[in-house]
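The structure appears below as structure tokens.
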Amino acid sequence: MNNWHSAVCETNGINIHYTRTGGNKPPLILLHGLMTNGLCWTGLARTLATDYDVIMPDARGHGESSAPAYGYRYEDHANDLSGLIEVLGLSPPVLLGHSMGGMTAGLVTQRQPGLLRGLILADPSFLSPTVQREVRDSNVADQHRQILNKTFEDVVADARRRHPNRAEETLELFSRARLQTRMSAFDVLTPPNPDFRPLVRDIQVPTLLVIAEKGVISATVAEELQGLNPRLQVEQVPEAGHALHIDQPERFAAIVRRFLNSLLPAQKWNAPDPA
Numbered sequence: 001m002n003n004w005h006s007a008v009c010e011t012n013g014i015n016i017h018y019t020r021t022g023g024n025k026p027p028l029i030l031l032h033g034l035m036t037n038g039l040c041w042t043g044l045a046r047t048l049a050t051d052y053d054v055i056m057p058d059a060r061g062h063g064e065s066s067a068p069a070y071g072y073r074y075e076d077h078a079n080d081l082s083g084l085i086e087v088l089g090l091s092p093p094v095l096l097g098h099s100m101g102g103m104t105a106g107l108v109t110q111r112q113p114g115l116l117r118g119l120i121l122a123d124p125s126f127l128s129p130t131v132q133r134e135v136r137d138s139n140v141a142d143q144h145r146q147i148l149n150k151t152f153e154d155v156v157a158d159a160r161r162r163h164p165n166r167a168e169e170t171l172e173l174f175s176r177a178r179l180q181t182r183m184s185a186f187d188v189l190t191p192p193n194p195d196f197r198p199l200v201r202d203i204q205v206p207t208l209l210v211i212a213e214k215g216v217i218s219a220t221v222a223e224e225l226q227g228l229n230p231r232l233q234v235e236q237v238p239e240a241g242h243a244l245h246i247d248q249p250e251r252f253a254a255i256v257r258r259f260l261n262s263l264l265p266a267q268k269w270n271a272p273d274p275a
């Protein structure tokens, strides 16, 4: 991580903080889910940084990015991401999004297909209207409000008890991200979400959907989505839940790398001319 750097991008009237591994390599943007932040991708970024310029933004309301009083619809997150890509002057990147980040990445791909080279959806938040309402009406926001009153050490200790097999670095990264998530970020849970079926149908770039054995997207729904778009590939991570990239990091990274290699063979990538 010695060569990684952090900076702020001004777009849509707010500051988006990001961490970037850098180098003259194909760009890959990793989008986190609710209650996490860009650095929660540290393990995968280490694995891929040799071959890719990995960019890990903090979504609005998360990490060190701005937390405006309103503007947390998926359309707002998508506009932030489009702005980041344009301000940084990236050649068409691949987007990888988990959960909330997956829906955001899919929406950007649907609205601006020419902006991207490919898409990876990691158990995205493709929820039925009924489940959307159930999530909104659950106590997830109240639980987070209680956590914000705890110390970092207490949050790490709670995480260690719940996930004794996870690495200490992972526990600390996710605990710090949790404490940096503002309550306003939970507005993204307010229905309706974008309709994911036409979103998937409209995608025009090569796309990988990675599902978990016990995740949000069932094998049945994945098969249905494949029927809507022949560009969509599907891989399943066994012995994993919704946090599939944390439950099975090596398996997840191998799946991601295979897909990236099919899109971005290093010897065929041409860097953009310097501005």
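For the sequence shown, the UniProt record's numbering assigns the number 1 to the initial residue and increments by one for each residue that follows. The C-beta atom is built at its ideal place from N, Cα and C for all residues, glycine as well. Given the structure is predicted, the values throughout are model-derived calculations rather than measurements.
message: DSSP three-state label for residue 22, please.
response: Taking the sequence shown and counting its residues from 1, the one referred to as residue 22 is at position 22. Note: residue 22 maps to coil in three-state DSSP.
field: Whole runs of the alpha helix (DSSP H) within the stretch 45–117, excluding any shorter than 4 residues
entry: 74–88, 100–111
task: State the DSSP-derived secondary structure class of residue 32, mapped to helix, strand or coil.
output: Stepping through the sequence shown from its first residue, residue 32 is reached at position 32. Here residue 32 sits in coil by DSSP.
- request: With a 10 Å radius around its C-beta and 16 neighbouring C-beta atoms as the bar for buried, classify residue 237 as buried or exposed.
  value: Counting from one through the sequence shown, the residue named residue 237 turns up at place 237. Under this definition residue 237 is a buried residue.
query: Does the stretch 18–35 come within contact of the stretch 226–235, defined as at least 3 CB pairs closer than 8 Å?
result: no
message: Please identify the residue among 162, 59, 49 whose C-alpha is closest to the C-alpha of residue 182.
response: Reading the sequence shown from its first residue, position 182 is the one you call residue 182. Closest by alpha carbon: 59.
task: Measuring alpha carbon to alpha carbon, tell me which of 180, 178, 159, 179 ends up nearest residue 171.
output: Looking up residue 171 in the sequence shown gives position 171. Residue 171 has its Cα closest to that of 159, out of 180, 178, 159, 179.
field: Sequence-distant residues of its chain with Cβ nearer than 8 Å to residue 273 (five each side left out)
entry: The sequence position of residue 273 within the sequence shown is 273, counting from 1. Low confidence applies to residue 273: its pLDDT is 45, below 50, so where it sits in the model is not reliable enough to give any reading.
Helix, strand or coil at residue 232 according to DSSP, with G and I counted as helix: By 1-based counting over the sequence shown, the position of residue 232 is 232. In the structure shown, residue 232 sits in a strand (DSSP, three-state: E or B).
Inter-stretch contact (C-beta, 8 Å, three-pair minimum) for the stretch 173–191 and the stretch 147–164: yes
- prompt: Is it the case that the CB of residue 245 approaches a heavy atom of the ligand COA more closely than 7 Å?
  reply: Looking for the ligand COA in the displayed structure turns up nothing, as the structure carries no ligands at all.
message: For residue 94, count the other beta carbons within 10 Å of its own beta carbon; 16 or more makes it buried, fewer makes it exposed. Which is it?
response: As a first step, residue 94 is located in the sequence shown; it is residue number 94 there, counting from the start. Its Cβ being crowded by 16 or more others within 10 Å, residue 94 is buried.
- prompt: Where does residue 266 fall in DSSP's three states?
  reply: Translated into positions along the sequence shown, residue 266 becomes position 266. Note that residue 266 has pLDDT 48, beneath the 50 cutoff, so the model's placement of it is unreliable and the number below is only indicative. In this structure, residue 266 counts as helix in the three-state DSSP scheme.
- request: Tell me whether residue 275 sits in a helix, a strand or coil according to DSSP, three-state version.
  value: Stepping through the sequence shown from its first residue, residue 275 is reached at position 275. Any reading at residue 275 must be qualified, since the residue scores a pLDDT of 38, below 50, and its modelled position is unreliable; no value is offered.
field: Classification of residue 65 by the beta-carbon crowding that lies within 10 angstroms, buried from 16 upward
entry: Position 65 of the sequence shown holds residue 65. Answer is buried; the Cβ neighbour count reaches 16.
- request: Kindly say whether residue 61, judged by its beta-carbon, lies nearer than 8 Å to any beta-carbon of chain D.
  value: Here chain D cannot be found, since the structure has a single protein chain.
message: Quick check on residue 13: does DSSP put it in helix, strand or coil?
response: Translated into the one-based positions of the sequence shown, residue 13 becomes position 13. Coil, per DSSP.
Beta-bridge pairing of residue 276 - partner residues as DSSP gives them: Not covered by the structure: residue 276. The range shown for the chain is 1 to 275.
query: Based on Cα-Cα distance, which residue from 220, 203, 47, 155 lies nearest to residue 121?
result: Mapped onto the sequence shown, residue 121 falls at position 121. Closest option to residue 121, Cα to Cα, is 203.
query: Counting Cβ pairs closer than 8 Å, one from the stretch 78–94 and one from the stretch 108–126, do we hit at least three?
result: yes
field: Sheet register partners of residue 8 (DSSP bridge)
entry: The residue given as residue 8 occupies position 8 in the sequence shown. Its beta-bridge partners are 17.
message: Short of 6 Å in beta carbon distance, which residues of its chain neighbour residue 275, apart from the five on each side in sequence? Order them along the chain.
response: If you number the sequence shown from 1, residue 275 lands on position 275. Its pLDDT being 38, under 50, residue 275 is placed unreliably in this model, and the coordinates cannot settle the point.
- prompt: Does the distance from the CB of residue 119 to the CB of residue 207 come in under 8 Å?
  reply: Position 119 of the sequence shown, counting from 1, holds the residue named residue 119. Position 207 of the sequence shown, counting from 1, holds the residue named residue 207. Yes.
Same chain only: Cβ atoms within 8 Å of residue 70, ignoring 5 sequence neighbours per side: Position 70 of the sequence shown, counting from 1, holds the residue named residue 70. Hits under 8 Å: 184, 187.
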